[in-house]
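Residues in the sequence shown are numbered from 30 upward in steps of one, following our numbering. Here is the structure we will look at.
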Amino acid sequence: QEEEEEEEEEVATKGKTGAKRPAAQDQAPTKKAKGTDGKTVSAPSPAAAKAAAGTPKAGKQAVGSPGAASPAASKPADFIPSPKFTGSKAGMVFKKDAKGLGYYKDVKPVASPGGARVPGQPKKASADEWASKKVDAMAWKSFNGNLKYRDTVQGNGAPIRKGMTVQMHYTGKLTKNGRQFDSSVGRKPLTFRYGAGEVIKGWDVGMEGMREGGKRTLNIPSALGYGKRGAGKDIPPNSDLTFEVQLVRCK
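Okay, structure coming up:
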């Protein structure tokens, strides 16, 4: 009987010391941390943490999910290349520009602060420029509605009359382009009898009313100048002429 009792104790002892412990993967240790309130809370298991990480938070859409707005889609393109016109597009104009042929964003010109001129618009004349042109236009007069003239300097000498011998300085230009073809400045003044047909008809008509010392600009139509024949290579046929004349002397 004593031997049986000893065997039972030996079996019991082996049962206590030889028992198999659970594997680490079967029983993960639980880490504890303190919460915001100072109380100790248990951290979630690795499996629970992984599942929570894969779930998008409320109020946000996952990138690539249906309904998620693309950053590029929210901004309209400034240029869409196109080899030909395929129809109108809202806010775009079809043209060829720096980037090539295609649709460009339609940008309306905006006037700069201070009233600066918008590119492409004609420059507006200032009040002084407008007044100067108005006065200049009013200074021009005409003989018989054809020959126009304006006095730039009023003479105070003897008045010119038909049959007088006059001395006159002149500078002649083509009206259409302002090219000078002749001038007596720097030479002796031209001498002729006024009203006797010794010069072009525009001079005989246009010098009426002048006084010695006076200066006048004459815009002479072709019919009162050299007409259809012209005058050499310097004055083509049917050329209107502009003369700056100065009545030096008349007697």
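Glycine included, C-beta positions come from ideal geometry on N, C-alpha and C.
In this structure, L203 and L270 form a Cβ contact; the two beta carbons are roughly 7 Å apart against a cut-off of 8 Å. Between I109 and G129, the gap from beta carbon to beta carbon reaches 7 Å or more. If you look at K177, you'll find it in the beta strand (DSSP E) that goes L176 to V182. Residue environment: G261 is assigned as exposed (fewer than 16 neighbouring CB atoms within 10 Å of its CB, all protein chains considered).
In the DSSP secondary-structure assignment, S212 is bridged to T200. Secondary structure of A166 (DSSP, three-state): helix.
Relative to L276, the option among A168, P218 and P265 whose CA is nearest is P218. Under the DSSP assignment, D126 falls in the beta strand (DSSP E) whose first and last residues are M121 to D126. In this structure, the beta-carbon distance from K280 to L253 does not fall below 7 Å. Annotation for V274: the continuous beta strand (DSSP E) segment containing it runs L270 to C279. Looking at the DSSP output, S171 shares a beta bridge with K177. In this structure, the straight-line span from the alpha carbon of D165 to that of S268 is close to 24 Å.
Membership of G129 in the beta strand (DSSP E) is indicated by the continuous run G129 to K134. Sixteen is the threshold: when 16 or more other Cβ atoms of the shown chains lie within 10 Å of the Cβ of V195, as they do, the residue is buried. For the set G120, E241, F114 and K257, the Cα lying nearest the Cα of N185 is the one of E241. Non-local C-beta neighbours of V274 in its own chain, meaning closer than 6 Å and more than five positions away in sequence, comprise M197, Y199 and R245, ordered along the chain. G120 is classed as exposed because its beta carbon has fewer than 16 other beta carbons within 10 Å across all chains shown. Residue environment analysis places M167 among the exposed positions, since fewer than 16 neighbouring C-beta atoms fall within 10 angstroms of its C-beta. Between P266 and R258 a beta carbon distance of about 6 Å is seen, short of the 8 Å cut, so the two are scored as contacting. Here the C-alpha atom of K177 lies approximately 20 Å from the C-alpha atom of K191. In this structure, the straight-line span from the alpha carbon of K125 to that of Y133 is close to 9 Å.
Taken through DSSP and simplified to helix, strand or coil, A187 comes out as coil.
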